[in-house]
Amino acid sequence: MQFFTSKTILYARVVFLFTICYFAAVNPGYLLGSHFLLLLGQAMELPMILPVIETDGDSVFYGIISLLFGLQAVGDLIPLLAENVDYFETIVPTRLTIFFFLAAYAYISKSLTFGNNAVFVYSFFEVWFNFLIFNNLRDEKFYRLKHFVEKHGDQIQPSADVIVES
Numbered sequence: 047m048q049f050f051t052s053k054t055i056l057y058a059r060v061v062f063l064f065t066i067c068y069f070a071a072v073n074p075g076y077l078l079g080s081h082f083l084l085l086l087g088q089a090m091e092l093p094m095i096l097p098v099i100e101t102d103g104d105s106v107f108y109g110i111i112s113l114l115f116g117l118q119a120v121g122d123l124i125p126l127l128a129e130n131v132d133y134f135e136t137i138v139p140t141r142l143t144i145f146f147f148l149a150a151y152a153y154i155s156k157s158l159t160f161g162n163n164a165v166f167v168y169s170f171f172e173v174w175f176n177f178l179i180f181n182n183l184r185d186e187k188f189y190r191l192k193h194f195v196e197k198h199g200d201q202i203q204p205s206a207d208v209i210v211e212s
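Mapping of the sequence shown onto the working numbering: residues 47 to 212, in sequence order.
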């Protein structure tokens, strides 16, 4: 049995994205100067994005970044409220792959655009969230299938026998 369900982890991811959205709009210096971001960036020997240049809440760049994080959170919240499991079974492996390669590129790259501590830490968190969601979705799919077979086993068995005989 799982400790967290995929819905719980998806809600945590939505809260995480809304938190980033809020701080990117209100105080981006708080995000860029957070101790975890600086610690992990130094541990991985990545270039630092220091919150020195225009980190007030009135920057157009941070407003657009905040909007993108907010749209990403709403884009997950709506299918989550609709309990659209098929959507998440499709999108989560894709996200996991994309963010894994983005994290690898941020670590290897010498470009400051993508090869910095903020991109790496965000990609790292996305890989972690999506890996947990992927594993829980796979387990829940197995339990749904097991429950379906237990409930409809007598109806499935005759058709399975016909397939085996032919």
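Quick reminder that beta carbons are idealized off the backbone N, C-alpha and C, glycines included.
Range covered by the alpha helix (DSSP H) that runs through residue i
i, result
"Leu214", "With the chain running from 47 to 212 in the structure shown, residue 214 is simply not present."
"Ile6", "Absent from the structure is residue 6, since the part of the chain shown begins at 47 and ends at 212."
Which of helix, strand or coil DSSP assigns to residue i
i, result
"Pro139", "helix"
"Asn163", "helix"
"Leu92", "coil"
"Ser169", "helix"
"Leu78", "helix"
"Asn181", "helix"
"Lys192", "helix"
"Gln35", "Only positions 47 to 212 of the chain appear in the structure, and residue 35 is not among them; the question remains open."
"Lys187", "helix"
"Phe49", "coil"
Selection from the options that minimises the alpha carbon distance to residue i
i, options, result
"Gly87", "Val131, Gly121, Asn130 and Ala152", "Ala152"
"Leu117", "Ile154, Leu78 and Phe64", "Phe64"
"Glu34", "Val72, Phe69, Leu142 and Tyr133", "The chain is shown from 47 up to 212; residue 34 falls before or after that span and cannot be answered."
"Asp122", "Tyr57, Trp174, Val167 and Leu183", "Tyr57"
"Gly79", "Ile144, Lys187 and Val167", "Val167"
"Phe115", "Val60, Ser157 and Phe194", "Val60"
Task: Three or more C-beta pairs below 8 Å linking the segment 80-100 and the segment 148-163 - done: yes
TODO: Decide yes or no for the touch test of the segment 47-65 against the segment 125-138: beta carbon pairs closer than 8 Å, at least 3 of them.
DONE: Result yes; three or more Cβ-Cβ pairs closer than 8 Å.
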